[in-house]
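Residue numbers (the UniProt record's numbering): 1 to 126.
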């Protein structure tokens, strides 16, 4: 969305018109007129990056090492629960473990077994 705003702003399109076009294409829930104006102002002030700025905050405990360890445990026993993983990795919360399993490793629960989302035809016939 910000890239579209930056592009249209570079073409000297007014913020109200940018908002109107966004609503026309993406629907009513796209972005408020005030937010479009904020981004236009930032781009006019010299901002070129459309991505979020780095923010300070609590560092994440999720890193590639933990993801690999969790994946290894899952492959040892496919009939796992988040609670079982929590017992193995007490330093990681259940919520974060669930996020690792579902979002980072892309597993989903299927017939009480966690399996990769991308199933081949061979997997589907088993």
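Even glycine gets a Cβ: it sits at the ideal position worked out from N, Cα and C. Nothing here was measured: the structure is a model prediction, and the numbers come from that model.
Through-space distance from residue j to residue i, alpha-carbon basis
i	j	result
residue 14	residue 56	33 Å
residue 102	residue 25	31 Å
residue 70	residue 39	40 Å
residue 139	residue 62	Only positions 1 to 126 of the chain appear in this structure, which leaves residue 139 out of reach.
residue 100	residue 10	40 Å
residue 78	residue 94	17 Å
Beta-carbon proximity list for residue i, same chain, < 7 Å, skipping 5 on both sides
i	result
residue 50	2, 3, 6
residue 37	15
residue 88	73
Close beta carbons around residue i, own chain, < 6 Å, minus the five adjacent residues each side
i	result
residue 104	67
Which runs of the beta strand (DSSP E) at least 3 residues long sit entirely within the region 44-119? Give them in chain order.
107-110, 113-116
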